[in-house]
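Visitor:
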Amino acid sequence: MTATFLRRLYFTVVALFLAAPLIVVAGVSVNARQELTFPPKGFSLAWYGQIFADPEWRLALIHSVTLAVCSVAIAVAIALPLAWFLWRRIAPWANIFQVLGLAPFILPPVITALGFLTFWATVGLFGQFFTAIISHAIFFVTLPLVTLSLGFASIDRSLVEAAATMGADDRAVLKTVVLPLILPYLVSGYAFAFVLSLNEYIVAYMTIGFTTETLPIKIFNALRYGYTPTMASVSVFFVAVAALVFGSIARFGDIRRLLGAMSSEGN
Amino acid sequence: MRREVPKSFADYTPLLFPGLMLVVFFVVPFSTMIAVSFFKRNPAGFYTPDFVVDNYARFLTTFFAGVLGFSLMLAVLVAVCCVCIAFPFTYLLTKRSRRVQTLWLVGLLSVLSLSEVIIGFAWSTLFSQTAGITNLFVALGLMDKPVALLPTFGAVLAGMVYQALPYTILVLYPALVRLDPTLLEAARTLGASPVKAFFNVVTPALRNTIVATLIMVFVFALGSYLLPQILGRPRHWTLSVLITDQAIYQSNMPFGAAMAVFLVLISLALVGLMLLVGRKENAL
Numbered sequence: 001m002t003a004t005f006l007r008r009l010y011f012t013v014v015a016l017f018l019a020a021p022l023i024v025v026a027g028v029s030v031n032a033r034q035e036l037t038f039p040p041k042g043f044s045l046a047w048y049g050q051i052f053a054d055p056e057w058r059l060a061l062i063h064s065v066t067l068a069v070c071s072v073a074i075a076v077a078i079a080l081p082l083a084w085f086l087w088r089r090i091a092p093w094a095n096i097f098q099v100l101g102l103a104p105f106i107l108p109p110v111i112t113a114l115g116f117l118t119f120w121a122t123v124g125l126f127g128q129f130f131t132a133i134i135s136h137a138i139f140f141v142t143l144p145l146v147t148l149s150l151g152f153a154s155i156d157r158s159l160v161e162a163a164a165t166m167g168a169d170d171r172a173v174l175k176t177v178v179l180p181l182i183l184p185y186l187v188s189g190y191a192f193a194f195v196l197s198l199n200e201y202i203v204a205y206m207t208i209g210f211t212t213e214t215l216p217i218k219i220f221n222a223l224r225y226g227y228t229p230t231m232a233s234v235s236v237f238f239v240a241v242a243a244l245v246f247g248s249i250a251r252f253g254d255i256r257r258l259l260g261a262m263s264s265e266g267n
Numbered sequence: 001m002r003r004e005v006p007k008s009f010a011d012y013t014p015l016l017f018p019g020l021m022l023v024v025f026f027v028v029p030f031s032t033m034i035a036v037s038f039f040k041r042n043p044a045g046f047y048t049p050d051f052v053v054d055n056y057a058r059f060l061t062t063f064f065a066g067v068l069g070f071s072l073m074l075a076v077l078v079a080v081c082c083v084c085i086a087f088p089f090t091y092l093l094t095k096r097s098r099r100v101q102t103l104w105l106v107g108l109l110s111v112l113s114l115s116e117v118i119i120g121f122a123w124s125t126l127f128s129q130t131a132g133i134t135n136l137f138v139a140l141g142l143m144d145k146p147v148a149l150l151p152t153f154g155a156v157l158a159g160m161v162y163q164a165l166p167y168t169i170l171v172l173y174p175a176l177v178r179l180d181p182t183l184l185e186a187a188r189t190l191g192a193s194p195v196k197a198f199f200n201v202v203t204p205a206l207r208n209t210i211v212a213t214l215i216m217v218f219v220f221a222l223g224s225y226l227l228p229q230i231l232g233r234p235r236h237w238t239l240s241v242l243i244t245d246q247a248i249y250q251s252n253m254p255f256g257a258a259m260a261v262f263l264v265l266i267s268l269a270l271v272g273l274m275l276l277v278g279r280k281e282n283a284l
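Going line by line, the protein sequences match chains A and B.
First residue of the first sequence: 1, per UniProt numbering; consecutive thereafter.
First residue of the second sequence: 1, per UniProt numbering; consecutive thereafter.
Okay, structure coming up:
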């Protein structure tokens with residue numbers, strides 16, 4: 001009895017710790033007037049409308065979504081052939097590319113960001129929007145690479161063998177057997193990287209921060225010049241997008257397996 | 001179709017695009033950064049090519065030693081706090097039903113994916129005078145009037161633990177999920193209480209996992225670039241904040257690059273150490 005109670009208490013405390021800042025931000029975001037008070041005074045959803053109505057916020061939203069959609073597409077285009085090659089061929093030295101794909105994510109982000117800053121400044125392209133797209137693609141290639149590697153590892157090789165003995169060549173096997181099997185992993189890899197790209201600040205800031213505002217950059221700039229409730233509503237918007245995406249992955253895929261729980265059956 | 005050794009050049013074509021992208025846009029920028037760390041500062045532009053070690057010589061100042069010491073101390077503190085909270089939590093979580101686990105994982109991932117900007121903003125709101133948590137204490141009669149809890153060291157620590165906690169739980173999760181259940185059953189059969197079994201059986205069995213997780217969270221915390229700036233005072237700035245500040249606001253890209261190279265070396269040394277610890281456990 002006491003054990004159960006203590007466990008519940010523990011879970012509740014952790015949940016409160018994780019939720020408290022978000023609850024306050026959600027509360028602040030529905031203030032009727034432009035003030036930072038909690039509990040909110042009055043109720044208004046106007047600040048959510050601002051994200052789409054205010055030209056500056058709308059532009060930042062468009063930038064962020066464009067950046068995420070394009071960069072993650074490139075990241076997947078890099079990760080898919082690489083993961084397929086590593087699964088299909090025995091070439092130990094090719095693992096160096098896997099390490100290169102994982103490195104930007106393991107190192108502190110400031111380092112990768114500064115690397116991009118010095119690089120784009122040196123080649124004279126600093127500040128162009130497409131530089132941020134390429135930078136994000138490299139920075140987030142880790143996620144599709146990891147999910148796709150998991151996906152390939154989960155393929156039963158006898159299935160592929162069966163297709164091959166019946167005369168399917170590499171291309172046919174890839175199209176009819178491999179791709180359908182790894183599609184869920186491809187989609188979750190894209191989704192993971194998409195959400196993170198949407199939220200990313202430092203790489204975007206160091207590549208295009210002086211010329212273009214993405215949503216996180218806009219929030220930070222607004223934060224330095226004072227307070228507007230739109231910052232709160234955008235934050236809630238971000239939490240909602242993340243919860244929606246990860247919720248869908250959990251609903252349609254196996255999130256526990258993606259996160260490393262080997263036995264997706266049983267338990 | 002078994003794995004095969006590539007026979008012809010055509011077999012390598014899938015590597016072409018990924019290899020090219022990773023080399024041109026990761027290896028080259030990284031090398032550029034190392035090169036720039038030896039260049040001279042040019043206040044009018046980005047830098048002037050040169051070969052000087054002045055940028056590294058600046059590490060020997062007491063100011064830099066202070067920043068480095070503070071960054072390491074803060075990262076250690078964050079790592080210890082996170083693992084102490086997360087280890088028992090993750091263990092208990094793996095004992096819950098799949099539904100509950102999935103729900104928590106979705107929530108943790110959502111918090112983990114949040115921009116550092118948003119986390120900083122959320123905590124600065126929670127600790128503010130007008131909308132902060134102290135208003136709740138006033139309403140409960142614990143305090144006379146609401147106060148601002150930032151900028152303080154405590155605020156920086158809270159924000160960074162918040163940022164790293166979901167990461168810690170997700171790093172520990174696979175190891176704890178795969179933990180052999182017979183280990184615990186044996187302990188329970190032999191008469192150990194669940195708490196005793198947790199401390200005397202589960203914790204020692206995963207000692208290396210705990211050490212590896214501490215290091216990973218430590219590196220993660222070293223990378224925090226905004227929270228010390230938003231929630232703390234300038235004396236709470238860490239190496240990551242200083243790198244951003246030098247490269248962007250002081251337009252001293254070479255010094256920023258030198259500090260970044262230094263941070264890479266620290267991180268790589270720690271990641272290497274972690275792989276070593278991890279290998280030991282697999283060998284057992």
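The C-beta atom is built at its ideal place from N, Cα and C for all residues, glycine as well.
Here the structure is a predicted model, which is why all the values come from computation and not from measurement.
Can you check which of these residues, 122/B, 4/B, 7/B, 185/B, is closest to residue 232/A by C-alpha distance?
Guide: 122/B
Visitor: Give a yes or no on whether 8 Å exceeds the smallest Cβ distance from residue 166/A to chain B.
Guide: no
Visitor: Where do the ends of the alpha helix (DSSP H) carrying residue 225/A lie?
Guide: Neither: residue 225/A is in no alpha helix (DSSP H) and is coded neither H nor E.
Visitor: Of all the options 131/B, 243/B, 127/B, 119/B, which has the alpha carbon lying nearest to the alpha carbon of residue 151/B?
Guide: Ranking 131/B, 243/B, 127/B, 119/B by Cα distance to residue 151/B puts 127/B first.
Visitor: I need the DSSP call for residue 89/A, collapsed to helix, strand or coil.
Guide: strand
Visitor: Using a threshold of 8 Å, state whether the C-beta atoms of residue 192/B and residue 114/A are closer than that.
Guide: For residue 192/B and residue 114/A, no; Cβs fall outside 8 Å.
Visitor: If the criterion is Cβ atoms closer than 8 Å, does the pair residue 148/A and residue 182/A meet it?
Guide: yes
Visitor: For the alpha helix (DSSP H) holding residue 250/B, just list the boundary residues, first then last.
Guide: No alpha helix (DSSP H) contains residue 250/B, which DSSP labels as neither H nor E.
Visitor: Is the Cβ-Cβ distance between residue 30/B and residue 38/B less than 8 Å?
Guide: no
Visitor: Using a C-beta to C-beta distance shorter than 8 Å, which residues of chain B count as neighbours of residue 213/A?
Guide: Within 8 Å Cβ-Cβ: nothing; residue 213/A doesn't reach chain B, min ~12 Å.
Visitor: Are any of the Cβ atoms in chain B nearer than 8 Å to that of residue 203/A?
Guide: no
Visitor: Report the rounded CA-to-CA distance for residue 26/A versus residue 40/A, giving the unit in angstroms.
Guide: 9 Å
Visitor: Take residue 264/A and list the residues in its own chain whose beta-carbon comes closer than 8 Å to its own, dropping the five residues that flank it on each side.
Guide: Because the pLDDT at residue 264/A is just 38, under 50, the model does not fix this residue reliably, and the point stays unresolved.
Visitor: Using 8 Å as the threshold, is the C-beta distance between residue 113/B and residue 231/B below it?
Guide: No, the Cβ-Cβ distance between residue 113/B and residue 231/B is not below 8 Å.
Visitor: Can you tell me which of the three DSSP states residue 212/A falls into?
Guide: coil
Visitor: Considering only their Cβ atoms, is the gap separating residue 108/B from residue 373/B smaller than 8 Å?
Guide: A query on residue 373/B cannot be resolved here, the shown segment of chain B reaching from 1 to 284 and no further.
Visitor: From residue 70/B to residue 238/B, what does the alpha carbon distance come to, in whole angstroms?
Guide: 7 Å
Visitor: For residue 255/B, is the classification buried or exposed, using 16 other Cβ atoms within 10 angstroms of its Cβ as the cut-off for buried?
Guide: buried
Visitor: Please state the DSSP three-state secondary structure of residue 10/A.
Guide: helix
Visitor: Any chance you could list the alpha helix (DSSP H) runs of at least 4 consecutive residues sitting entirely within the stretch 236-265 of chain A, in chain order?
Guide: 255-258
Visitor: Please report the residue range of the alpha helix (DSSP H) in which residue 157/A lies.
Guide: 157-165
Visitor: Excluding the five sequence neighbours on either side, which residues of its own chain have a C-beta within less than 6 Å of the C-beta of residue 163/B, listed in chain order?
Guide: 119
Visitor: Check the Cβ of residue 121/A against every Cβ in chain B and list those closer than 7 Å, keeping chain order.
Guide: 46
Visitor: Drop a sphere of 10 angstroms on the beta-carbon of residue 144/A, count the other beta-carbons inside from all chains shown, and report buried for 16 or more, exposed for fewer.
Guide: buried
Visitor: In chain order, what residues of the same chain have a beta carbon less than 7 Å from the beta carbon of residue 274/B, not counting five sequence neighbours either side?
Guide: 212, 215, 216
Visitor: Apart from the five residues just before and just after residue 211/A, which ones in its own chain have a Cβ nearer than 6 Å to its Cβ?
Guide: By the criterion of a C-beta distance shorter than 6 Å, residue 211/A is surrounded in its chain by 127, once the five residues flanking it on both sides are discounted.
Visitor: Excluding the five sequence neighbours on either side, which residues of its own chain have a C-beta within less than 8 Å of the C-beta of residue 89/B, listed in chain order?
Guide: 169
Visitor: Measuring alpha carbon to alpha carbon, tell me which residue in 4/B, 184/B, 97/B, 226/B is nearest residue 206/B.
Guide: 184/B
Visitor: Is residue 27/B near residue 221/B, with beta carbons less than 8 Å apart?
Guide: no
Visitor: Which residues in the same chain have their Cβ closer than 6 Å to the Cβ of residue 6/B, if we skip the five residues on either side of it in sequence?
Guide: 12
Visitor: Go ahead and label residue 284/B buried or exposed: buried means 16 or more other beta carbons lie within 10 angstroms of its beta carbon, across all protein chains shown.
Guide: Low per-residue confidence applies at residue 284/B: pLDDT is 47, beneath 50, and the placement is therefore not dependable enough to give any value.
Visitor: Going by beta carbon distance, what residues of the same chain come within less than 7 Å of residue 223/B, once the five residues before and after it are set aside?
Guide: 240
Visitor: Sorted by chain position, which residues of the same chain lie with C-beta nearer than 8 Å to residue 199/A's C-beta, five sequence neighbours on each side aside?
Guide: 216, 238, 242
Visitor: List, from N- to C-terminal side, the alpha helix (DSSP H) runs of 4 residues or more that fit wholly inside the stretch 96-140 of chain B.
Guide: 98-112, 116-126, 134-139
Visitor: Show which residues of chain B have a CB atom less than 7 Å away from the CB atom of residue 182/A.
Guide: Going along chain B, no residue has its Cβ under 7 Å from residue 182/A, so there is no contact; the nearest lies around 14 Å.
Visitor: Output yes or no for whether 8 Å exceeds the beta carbon distance between residue 4/B and residue 155/A.
Guide: No, these two residues do not count as a Cβ contact at 8 Å.
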